[in-house]
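A.B. asks: Those protein sequence lines, which keep their order, are chains A and B. Mapping of the first sequence onto the numbering used here: residues 7 to 127, in sequence order. Mapping of the second sequence onto the numbering used here: residues 7 to 127, in sequence order. If you scroll down you'll find the structure; I have some questions about it.
2 protein chains.
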Amino acid sequence: MVNLILVSHSEKLATGLKELLAEMAPDTPILLAAGLEDGSIGTDASRIEASFDQLNDDGLVLTDIGSATMNAELALELYSGDRTIQFVESPLVEGAFLAAVLSGQSKSLTEVVDGLKKEFA
Amino acid sequence: MVNLILVSHSEKLATGLKELLAEMAPDTPILLAAGLEDGSIGTDASRIEASFDQLNDDGLVLTDIGSATMNAELALELYSGDRTIQFVESPLVEGAFLAAVLSGQSKSLTEVVDGLKKEFA
Numbered sequence: 007m008v009n010l011i012l013v014s015h016s017e018k019l020a021t022g023l024k025e026l027l028a029e030m031a032p033d034t035p036i037l038l039a040a041g042l043e044d045g046s047i048g049t050d051a052s053r054i055e056a057s058f059d060q061l062n063d064d065g066l067v068l069t070d071i072g073s074a075t076m077n078a079e080l081a082l083e084l085y086s087g088d089r090t091i092q093f094v095e096s097p098l099v100e101g102a103f104l105a106a107v108l109s110g111q112s113k114s115l116t117e118v119v120d121g122l123k124k125e126f127a
Numbered sequence: 007m008v009n010l011i012l013v014s015h016s017e018k019l020a021t022g023l024k025e026l027l028a029e030m031a032p033d034t035p036i037l038l039a040a041g042l043e044d045g046s047i048g049t050d051a052s053r054i055e056a057s058f059d060q061l062n063d064d065g066l067v068l069t070d071i072g073s074a075t076m077n078a079e080l081a082l083e084l085y086s087g088d089r090t091i092q093f094v095e096s097p098l099v100e101g102a103f104l105a106a107v108l109s110g111q112s113k114s115l116t117e118v119v120d121g122l123k124k125e126f127a
């Protein structure tokens with residue numbers, strides 16, 4: 007199943023979103039790359055890249071605002087592992103909800119990405 | 007200044023978002039109506055309506071997914087106070103970020119709503 011990687015400036019926000027998704031799509035694996043190492047607000051490319059090591063299947067990256075996207079793209083460039091990972095531009099909460107549901111229906115990464123693009127284009 | 011009311015199924019998500027907004031637009035008042043009374047996942051029209059009593063100016067309501075919007079609209083119907091409160095359909099995190107910035111620039115409720123509609127229509 008497609009794994010979601012939630013990239014947010016706020017660890018609390020991402021943790022809350024993960025809990026929400028767990029109710030809606032309990033089987034979809036959700037990884038977090040949120041906040042800075044000391045728990046403060048921000049995003050960090052190396053923390054995002056480190057989260058990719060926990061993938062157990064293809065991954066979809068979703069981001070919140072501003073530099074989160076830049077750091078996610080940098081993390082994707084740095085990544086040298088074997089998983090296929092894509093970033094898609096969509097609203098964080100609403101996109102993660104749709105993606106989690108589609109992944110829970112065993113859709114492929116391409117199908118999940120297409121579903122998001124169709125909804126949020 | 008326009009107050010934001012964040013309606014989310016998850017109290018943790020909303021609290022994290024409030025912390026994020028506080029860094030980006032520290033002067034904008036942010037109210038939360040998130041989760042159920044026992045802290046579990048959900049939204050509740052009476053809790054949303056109760057949050058309206060804390061408004062110190064006009065209010066803008068933003069919601070996450072599904073029944074959050076229905077309950078926010080019900081709360082607006084139930085509200086009998088003097089503040090002008092509007093709901094606008096936008097992505098929660100991205101919409102709240104833009105709204106907080108516009109409110110922080112002392113834009114009126116109408117201007118904030120127009121700004122969101124223009125960005126997310």
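Virtual Cβ for every residue (Gly too), placed ideally from N, Cα, C.
(1) Examine the Cβ distances between the stretch 29 to 42 of chain A and the stretch 27 to 43 of chain B and report whether three or more of them are shorter than 8 Å.
(2) Check each residue of the stretch 99 to 115 of chain A: if its Cβ is closer than 7 Å to any Cβ of chain B, include it; give the result in chain order.
(3) Got a sec, what are the start and stop residues for the alpha helix (DSSP H) Val99(A) sits in?
(4) Measure from the C-beta of Ser86(B) to each C-beta in chain A and report whether the shortest distance is under 8 Å.
(5) Since I believe Val13(A) is in contact with Asp74(A) (beta carbons under 8 Å), could you give me their beta-carbon distance rounded to a whole number of angstroms?
(6) If we count Cβ pairs, one from each stretch, closer than 8 Å, do we get three or more for the stretch 109 to 119 of chain B versus the stretch 82 to 91 of chain A?
(7) Going by C-alpha to C-alpha distance, which of Leu19(B), Gly48(B), Asp63(B) sits closest to Ile91(B)?
(8) Listed in chain order, which residues of the stretch 56 to 80 of chain B have Cβ atoms closer than 9 Å to some Cβ of chain A?
(9) Since Ser109(A) and Leu10(A) are thought to touch, with beta carbons under 8 Å apart, how far apart are those beta carbons, to the nearest angstrom?
(10) Can you find a C-beta in chain B that's less than 8 Å from the C-beta of Ile54(A)?
(11) So, at 8 Å on beta carbons, what are the nonlocal neighbours of Ile47(A) in its own chain, with the 5 sequence-adjacent residues on each side left out?
(12) Give the DSSP bridge partners of Leu115(B), in chain order.
(13) So what's Ser57(A) in DSSP terms, helix, strand or just coil?
(14) Which term fits Ser52(A), buried or exposed, when burial requires 16 or more other beta carbons within 10 angstroms of its beta carbon?
(15) Using CA coordinates, which residue listed in Thr69(B), Leu38(B), Asp44(B) is at the minimum distance from Leu61(B)?
(16) In whole angstroms, what separates the C-alpha of Glu100(A) from that of Gly65(B)?
(17) Between the Cα of Leu98(B) and the Cα atoms of Glu43(B), Asn77(B), Leu122(B), Glu117(B), which residue gives the shortest distance?
(18) Considering Leu82(B), what are the terminal residues of the alpha helix (DSSP H) in which it resides?
(19) Return the residue from the list Lys18(A), Ser96(A), Phe58(A) that minimises the CA-CA distance to Asp88(A).
C.D. replies: Reading from the atomic positions:
(1) The stretch 29 to 42 of chain A and the stretch 27 to 43 of chain B do not touch, with fewer than 3 CB-CB distances between them shorter than 8 Å.
(2) Val99, Glu100, Phe103
(3) 98 to 110
(4) no
(5) Per the sequence shown, the amino acid found at residue 74(A) is Ala instead of Asp. Rounded, the Cβ-Cβ distance is 5 Å, consistent with contact.
(6) no
(7) Closest by alpha carbon: Asp63(B).
(8) Asp70, Ile71, Gly72
(9) 7 Å
(10) no
(11) His15, Ser16, Gly41
(12) In the DSSP output, where bridge partners are listed per residue, Leu115(B) has none listed.
(13) Ser57(A): helix per DSSP, three-state reduction.
(14) Under this definition Ser52(A) is an exposed residue.
(15) Leu38(B)
(16) 22 Å
(17) Leu122(B)
(18) 73 to 84
(19) Phe58(A)
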